[in-house]
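Asks: Provided herewith is a single structure, encoded as structure tokens, for subsequent inquiry.
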Amino acid sequence: MKKVAVYPGSFDPITYGHLDIIRRGLTIFDEIIVAVARNSQKNALFSTDERVALIHDVLKAEERVTVDTFSGLLIDYASVRGAHVIIRGLRAISDFEYEFQIAQMNSTIGREIETLFMMTSLQYGYLSSSIVKEVCSLNGDIDMFVPPEIKAALKQKYGLV
Ligand code: COA
């Protein structure tokens, strides 16, 4: 049976931290569905379609990755897509409580789906999409945090080109 995992998030925008989790996830799973949340409660800089297009751009060489959007319960989406595992990255102890709560809720309402936590690599432990946006908006160097395609899109959003 094909091992399929869903990697959900807001990805506003995708960073090297997310890409690190995806690349490591591909050593465990046959296919990863990167699922962009449509109804995130966050105020997004990029529209959902823009976020999907950017992920496509940076992952076009990865044949085992598909990009999609979802709304409603993540567990329902994973089930419809035939995925038995949800991947989440953990950056610091502060991520744990929230992630633990969601994973417990998901396992209560969707027992057949497992959550797999992957430790974020050391160099991305402090990274977040918000911090990248802030640094970029203040004209700081973001080369270490995002691929060139994402940097270009951010610069354009902030009128820095
Ligand atoms: N490296 C670096 N940064 C990372 C990272 C990694 N490996 N993994 C996550 N991050 C950052 C993200 O950039 C993001 O930064 P930001 O807050 O500045 O935007 C932050 O960590 C958390 O983002 P993300 O992993 O995308 O989670 P989220 O909280 O934005 O989204 C959903 C969570 C959408 C997956 C979740 O709310 C969900 O499943 N919603 C659907 C409804 C549902 O089923 N709810 C659960 C009910 S029990």
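In terms of my numbering, the numbers along the sequence shown are unbroken and rise by one, the last being 1488.
Glycine included, C-beta positions come from ideal geometry on N, C-alpha and C.
Computed from a predicted model, the values in this text were never measured in an experiment.
1) In chain order, what residues of the same chain lie with their CB nearer than 6 angstroms to the CB of Pro1502, ignoring the 5 residues before and after it?
2) Kindly identify the DSSP beta-bridge partner or partners of Met1445.
3) Who are Gly1336's beta bridge partners in DSSP?
4) How big is the Cα-Cα spacing for Thr1396 and Asn1366?
5) From which residue to which residue does the alpha helix (DSSP H) around Val1407 run?
6) Exposed or buried, which one is Val1407 when buried takes at least 16 other CB atoms within 10 Å?
7) Less than 8 angstroms between the CB atoms is what I'm expecting for Val1361 and Ile1382, so what's the real figure, rounded?
8) Nearest CA to the CA of Lys1484: which residue from Tyr1334, Gly1409, Asp1339?
9) Run the CB neighbour count on Gly1409, radius 10 Å, all protein chains shown included, and call it buried at 16 or more, exposed below.
10) So, Tyr1451 versus Gly1336, is the Cβ gap smaller than 8 angstroms?
11) If you reduce the DSSP assignment to three classes, tell me which class Asp1470 lands in.
12) Is Ile1469 near the ligand COA - that is, is its Cβ less than 7 angstroms away from at least one heavy atom of it?
13) Specify the secondary structure class of Thr1435 as computed by DSSP and reduced to three states.
14) Quick one: grab the DSSP three-state call for Glu1493.
15) Going by alpha carbons, who is nearest to Ser1457 out of Leu1443, Leu1372, Gly1352?
16) Which residues bound the alpha helix (DSSP H) around Thr1375?
Replies: In short:
1) Residue 1502 lies beyond the residue range present for the chain, which begins at 1328 and ends at 1488; the question has no answer from this structure.
2) Gly1416
3) Val1363
4) 10 angstroms
5) 1401-1407
6) exposed
7) 6 angstroms
8) Asp1339
9) exposed
10) no
11) coil
12) no
13) helix
14) Because the chain spans 1328 through 1488 in this model, residue 1493 falls outside it and cannot be assessed.
15) Leu1372
16) 1375-1386
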